[in-house]
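Everything on this sheet refers to the single structure shown next.
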Amino acid sequence: MKTENRTADFYDIIRSRRSVRTYDSSAKMTEGELKEILEEAMLAPSGTNLNPWRFMVFTDPAEKAKLFPIAFGQQQVVDASAIIVVLGDMNAYTVENANRINQRAVDAGYMTDEVKDIINNGVENYYGSANEQTKKEWQMLDGGLLAMQFMLAAKARGYDTIPMLGYSIEQFRNEFNVPENLVNILMIAVGKASGPAYPTVRLGVDEVTTWNGVV
Ligand SMILES: Cc1cc2nc3c(=O)[nH]c(=O)nc-3n(C[C@H](O)[C@H](O)[C@H](O)COP(=O)(O)O)c2cc1C
1421 MKTENRTADF YDIIRSRRSV RTYDSSAKMT EGELKEILEE AMLAPSGTNL NPWRFMVFTD
1481 PAEKAKLFPI AFGQQQVVDA SAIIVVLGDM NAYTVENANR INQRAVDAGY MTDEVKDIIN
1541 NGVENYYGSA NEQTKKEWQM LDGGLLAMQF MLAAKARGYD TIPMLGYSIE QFRNEFNVPE
1601 NLVNILMIAV GKASGPAYPT VRLGVDEVTT WNGVV
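Quick note: to get the working numbering, add 1420 to the position in the sequence shown (first position is 1).
Here it is as structure tokens:
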């Protein structure tokens, strides 16, 4: 089977992605391929394009084994080719970080210096006064969008994934000395499925939607 399939049909991808819990433990993904998928995931939008996501990637069996008890014995953390822990950098909501990104847009000819200054000042005004809880909520939004795109990008290459919150964030942070400024968003296992996912259902659109303000 081709490991890379950039022509995979978008509708097939969104309809066939399921949370897979059984993986071929002999299947390896290269660092290069994981980086490509991360790069595609990072095409996701983020508030003010601040790119707050950070990643801890685990491919080493010894490191993945440490995740097993932390993830309450979920076998996929051991068997999947890689575990991606999506984090958010609380220091991303700063003028310094905005400038780091927007200067690249200026250099690429996408933005003038004047626009860069306006955006950077906006970051100061908008994010500067936000409290920690609000910033964490933004992190969850930006990281959630990123995570979804990661799972679809992986699926387009013939890999399966599972998003996971079933792990002890406290134990994870202690084990891997996660710095204070990084908040945990989601763990994602990615690899070659060795068995099918459970089929799942969804509520109907009409059950969850109102139109034009009528509840
Ligand atoms: C935020 C989040 C956390 C999840 N955590 C776990 C988990 O720890 N273990 C697990 O087996 N599934 C986990 N799931 C997978 C869900 O159970 C799954 O997405 C849902 O049942 C729908 O199934 P599907 O993804 O196959 O369509 C999680 C999903 C999300 C979105």
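Built from N, CA and C at the ideal position, the CB exists for glycine as well.
Residue from the options with nearest C-alpha to residue i
{"i": "R1441", "options": "L1463, G1548, I1589, M1584", "result": "M1584"}
{"i": "A1574", "options": "N1471, L1470, I1503", "result": "I1503"}
{"i": "G1508", "options": "A1609, E1557, E1627", "result": "E1557"}
{"i": "A1460", "options": "Y1618, V1598, R1435, R1577", "result": "According to the sequence shown, residue 1460 is Glu rather than Ala. Ranking the options by Cα distance to E1460, first place goes to R1577."}
{"i": "F1475", "options": "R1435, D1626, V1526, F1596", "result": "F1596"}
{"i": "V1515", "options": "N1551, N1632, M1531, N1541", "result": "N1541"}
{"i": "I1589", "options": "D1580, Y1579, E1600, T1581", "result": "E1600"}
{"i": "D1432", "options": "L1572, Q1553, E1453", "result": "L1572"}
{"i": "Q1495", "options": "L1623, G1611, V1621", "result": "G1611"}
{"i": "R1435", "options": "V1625, V1628, N1632, V1621", "result": "V1621"}
Proximity below 9 Å, CB of residue i to CB of residue j
{"i": "A1645", "j": "I1539", "result": "Here the chain comprises residues numbered 1421 to 1635, so residue 1645 is not present and cannot be evaluated."}
{"i": "T1468", "j": "V1535", "result": "no"}
{"i": "V1598", "j": "M1510", "result": "no"}
{"i": "M1607", "j": "Y1587", "result": "yes"}
{"i": "K1455", "j": "S1501", "result": "no"}
{"i": "V1403", "j": "L1458", "result": "Only positions 1421 to 1635 of the chain appear in this structure, which leaves residue 1403 out of reach."}
{"i": "V1505", "j": "F1570", "result": "no"}
Same chain, Cβ closer than 8 Å to residue i, neighbours up to 5 away in sequence not counted
{"i": "P1619", "result": "R1438"}
{"i": "S1466", "result": "P1472, W1473, D1562, L1565, L1566"}
{"i": "A1512", "result": "L1470, N1471, P1472"}
{"i": "A1528", "result": "none"}
{"i": "D1533", "result": "V1526"}
{"i": "Y1530", "result": "none"}
Close beta carbons around residue i, own chain, < 6 Å, minus the five adjacent residues each side
{"i": "D1499", "result": "Y1443, S1445"}
{"i": "F1592", "result": "I1490"}
{"i": "T1479", "result": "A1502"}
{"i": "A1613", "result": "V1440, D1580"}
{"i": "V1625", "result": "none"}
Cutoff 7 Å; reference residue i; Cβ partners in own chain excluding five residues on either side
{"i": "V1497", "result": "K1484, L1487, F1488, A1491, I1503, A1609"}
{"i": "S1549", "result": "none"}
{"i": "Y1547", "result": "Y1513"}
{"i": "N1551", "result": "none"}
{"i": "K1555", "result": "M1510, Y1513"}
{"i": "V1634", "result": "none"}
{"i": "A1428", "result": "A1576"}
**Request:** Would you be able to state if there are at least three C-beta pairs under 8 Å between the region 1611 to 1626 and the region 1515 to 1533?
**Result:** no
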